[in-house]
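Protein chains in written order, with our numbering: chain A, 1 to 750; chain B, 1001 to 1527. C-beta atoms are modelled at their ideal positions from N, C-alpha and C, and glycine is treated no differently. All figures in this text were calculated on a predicted structure; none of them were measured in a lab. These notes concern the structure reproduced below.
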């Protein structure tokens, strides 16, 4: 054999690993299909051979006979090893890459009892192969078999029975669809999904093993996680999830196992409000990190290879600081943004030389928020906080950075990754708090999820980075653990003022002038749909004392001048859409279309510190609020407080705690003009006072001259409602609904 | 590939592109070419677009060796037709110049395009080539032959089907019971799965394959039903039908069919059976095929027919209630009878739910989502009863419809208030409206006048009649009971734009009636 020159051999060695992965793309279609089919068959045979007793028990206890479907057995098998052999890894990816292979098999055996379950489980969509990011492969195998009532097992030929959904000129397969043949009510569907990942540029940052069941009872749930010795694994069981037993196999891998037959059942999860899954639902969370690899940035505080249960908060906090520091070089690159903010601040100082240090902090935050919008995607939360910290300090404002938990995420002592922590800034000796911009948040407003949560704050003195931007030293001041303030119901108010009168030409119709003022969390419900970019831009420019309009700025440069016409067109379209948004607001309030919308106005958008509330008024005509009895009129006065929430059976039988975003209050001031020639027949029943620990509804109705005045107040003073007390909240909701159905008789003078 | 809602798989391909408009009144020109390899599949041209068309020209060039009829429908005065013969090329250009064409009917609940939009039907009759003469659709026998060739590609295993059918219909059953059981078995055990792929869009799946897979499209399900019925000794055939959304005229020989059902010849009558529709018995038809022309398989020949149009009384929604006043509520017992489209709608909704949620879904339907209504003690006929009318009995308590002032009580009997929200926003609604099915609604309610009270006044009776809507509301007394009877009929489901104003006025009248109350008063005892 002729010897190859050394240079050729070197090139071959360099490209060969890539070439072996490239095979998936370069294979002829038929060969690739054949490979996949053979390999998938191997995986299926391996999974069907699992020796788990629960998968051999086909009987359904009598108590579940009326259930739509019953999960007889479920097993999750996760394998994150670099060297351990398994069929998926060997067949799909070879065994010689040295990269992280992650196999996740989720097998379920479900008894199908009714048509709804049959419809739900009779079709699957899946993609056999995909890529994520740079060279991160994902392969998926579906295995399905049907166990008939006589015990016979029919395996579905997944490849043969599937159809390809294709796209483009070349009919490239996008995904596959499978309609399961032979499946009928009364059958048991035994199926699994196997995902195989080969990860070169990704860690698995946040994985979850749920220990609850949705919609159907589950009789047995087990899982086994095998972690290789070259990886860093961190995990934590929370909210009553089983404790995992831990063993080491003969190859030195760590094997975690758990099983349970008592799973929390939650129905209709999509429609249940106020859930905090990370604080209530049993689950095991884990991360798989390639901390040994030089290809990944890792904090100096990162744990070496090994398996760690319940990593302390302090260590993850340290990680979070290093991840923040890693973005310092990007923050340093955003010089133009910083320059614009400083110009705005300088203008403001000129215009308002007497402004306080607190007002200055608000202006800096708003100016940075204003410049940040529409910026490139690498302007992220870390760079925002770093730049805000810098700007504060450069303008003589004392600033500390902090990490806080969120009540819709993990508790402080149950966090698993730095992603569980949110960045905040404390300024001016802790008198002011600033958060990442969210929707149209006004400086100082605290996002609902962060209220009342703990945060660790510290002074960031200096970040030292090497020439490639990687942080090598962080100099911080002492840490302080604080609790973020909890807002009160008075901070989150929707104040509604209504003037209503019967139309002279039609006593069945009401003319309603409604004025709404929304503060705090109440703004978020409608602000994003009601406020256009133009509204926001104009309001922010006014607040920041920026004289130029957006159009002025676009016209200044040749590069942006061509955009003017398009932007004007978009603004015009948004203005037209605002009217429709107001109609939708009326529908949302009454759950009925107005007969006519007379006019509307928005007097404050609630996006700046000086005008923090969203304030608007609408005038419209509604039908169906006034009925007749002979010459008398019956006013459905209760309906004027707007449609109320009607709990479903599922809402009533809630099995988990409720986390209301913020304390809140709705205040109604209704004035109804009594038509001439009528007197009020009954009004005392409109005076109610319902209250308990979690909610209150009060109403006071009086006749004053020719006006019926109703002052009503609905309040949620507490945000956490334990599941055992949920009925107390529902009790007030039901009573409020009864008030909603109340009417007042207006008797004709005789 | 173009994926469509409700279709499991379709090989239809869509070529789409973004038009990069940057400002108002900008014009962009697009050209594309689409080739049909078989002229028999190119028999319709819609002339309207989803947007208003200022100007558009449709030009059809027909060579002299082709015989093609072009028939226009819903052609308004804004469309001018002309023909130009080109003797040099031996062609005739049929030109349709369209100006100011309104957008087609694409709003929700609009009638099918073919009811209102302008379109052309092309009938490719024949071609005379140098070497051959080809007949396409010279008459309907050609259409039948073309369709029949496709169903003849099916290879049913009659023996396997007969063996299975024998298991579910013992000889001891009557013929009617056998038909009902076979029909019901296919309806309830075969999942409908729309599947369009090349020839499979025309060729029914083999009966034994549908039976094994337990799913099929309309052709596969109808073919299985036909084969099962034939194996049980009945004369069953396949039927091509076009649903109400598409063009259909059996006097024009084009294959305007998009659905397949089954026909049973029995005792000199034809009974159509659509196995894709659940909760409808033999002899009941979904609104989408009622009255539609059919082409029935008949060996080398064919038969034309129509799916019967059911009377509105077969689409009944009838409520009977007996109330008494209990505090500030009306309390009583109710019986609801539903048939036809109403029964189909409710059962489809309830049985789409998981078993544990069905009762709640039914209760919410009966309470109409109003918190002031409380329904309990529900009993409903079994779906397997095979009755054409579904009965639901329940108890109810209705809050908010009784007002007591001094000695007087004001009562609103009709809390269901059918069509109260049916007013049309004429500013937004550009298309006609077509209601899902014709309706016959009856509300007959009785209220016991409490002891010591007398009737003072009843709301006025009303009668409304227009092209679409017939309403009668009557109040009266029967002994010590107040009787409320409302009948609403919708015979014509197609509500045209020019009738919107009258419709809205009629809904206003109806709502005014709903607002009015009965007055009873405590009897004054003379001292």
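Contact annotation: residue 1126(B) and residue 1135(B) have beta-carbon atoms nearer than 7 Å. Proximity of residue 628(A) to chain B, defined by a Cβ-Cβ separation below 7 Å, is satisfied. Residue 1108(B) has its alpha-carbon roughly 40 Å from the corresponding atom of residue 1266(B).
Within 8 Å of the CB of residue 219(A), no CB atom of chain B is found; the nearest one sits about 16 Å away.
DSSP, reduced to helix, strand and coil, places residue 175(A) within a strand of the structure shown. Note on the region 440 to 520 of chain A: whole beta strand (DSSP E) runs with a minimum of 3 residues are 454 to 458, 460 to 465, 471 to 476, 480 to 483, 493 to 503, 506 to 518, in chain order.
Take the alpha-carbon of residue 1409(B) and the one of residue 1275(B): they are about 53 Å apart. By the criterion of at least three beta-carbon pairs nearer than 8 Å, the region 694 to 713 of chain A is in contact with the region 670 to 682 of chain A. Judged by DSSP secondary structure, residue 599(A) falls within the beta strand (DSSP E) whose first and last residues are 596 to 605. Between residue 1248(B) and residue 1293(B), the CB-CB gap stays under 7 Å. Taking 7 Å as the Cβ-Cβ cut-off, the region 1022 to 1044 of chain B approaches chain A at 1022, 1023, 1024, given in chain order.
Residue 1011(B) is positioned such that its CB atom lies closer than 7 Å to that of residue 1197(B). What residue 215(A) touches in chain B, judged by beta-carbon distance under 8 Å, is 1354, going in chain order. Legend: CB atoms of the region 262 to 291 of chain A lying less than 7 Å from CB atoms of chain B are not found in any residue.
At a cut-off of 7 Å between C-beta atoms, residue 741(A) counts as an interface residue with respect to chain B.
In the three-state scheme derived from DSSP, where H, G and I count as helix and E and B as strand, residue 729(A) is classed as helix.
Taking one beta carbon from each stretch, the region 182 to 190 of chain A and the region 110 to 121 of chain A have 3 or more pairs nearer than 8 Å; the two touch. Following the DSSP letters along the chain, one finds residue 657(A) in no beta strand (DSSP E), marked with neither H nor E.
For residue 1429(B), no Cβ of chain A is located within less than 7 Å of the residue's own Cβ. At a cut-off of 7 Å between beta-carbon atoms, residue 676(A) makes no contact with chain B. Per DSSP, residue 1136(B) lies in no beta strand (DSSP E) segment and is marked neither H nor E.
For residue 1323(B), the closest Cβ of chain A is not nearer than 7 Å. Nearest to residue 417(A) by C-alpha distance, out of 298(A), 449(A), 264(A), is 298(A). Chain B places a beta carbon closer than 7 Å to that of residue 565(A), counting this residue as a contact.
Bridge partners of residue 1380(B) according to DSSP: 1392(B). It is roughly 42 Å from the alpha-carbon of residue 692(A) to the alpha-carbon of residue 120(A).
Between residue 1289(B) and residue 1241(B) a beta carbon distance of about 6 Å is seen, short of the 8 Å cut, so the two are scored as contacting.
Straight across, the Cα-Cα distance linking residue 183(A) with residue 1208(B) is about 15 Å.
For residue 1211(B), the uninterrupted alpha helix (DSSP H) run begins and ends at 1207 to 1213, by DSSP. Residues of chain A with a Cβ closer than 8 Å to the Cβ of residue 1474(B) do not exist; the shortest Cβ-Cβ separation is about 18 Å.
Interface flag for residue 1216(B) against chain A is unset, since no Cβ pair is found closer than 7 Å. One thing to note: residue 457(A) has its Cβ within 7 Å of the Cβ of residue 482(A). Beta-bridge pairing by DSSP links residue 143(A) to 192(A).
With 16 or more other Cβ atoms inside 10 Å of its own Cβ, residue 1226(B) counts as buried. Uninterrupted alpha helix (DSSP H) stretches at least 4 residues long and entirely within the region 611 to 685 of chain A occur at 649 to 652, given in chain order. In this structure, residue 1506(B) places its C-beta atom within 7 Å of the C-beta atom of residue 1464(B).
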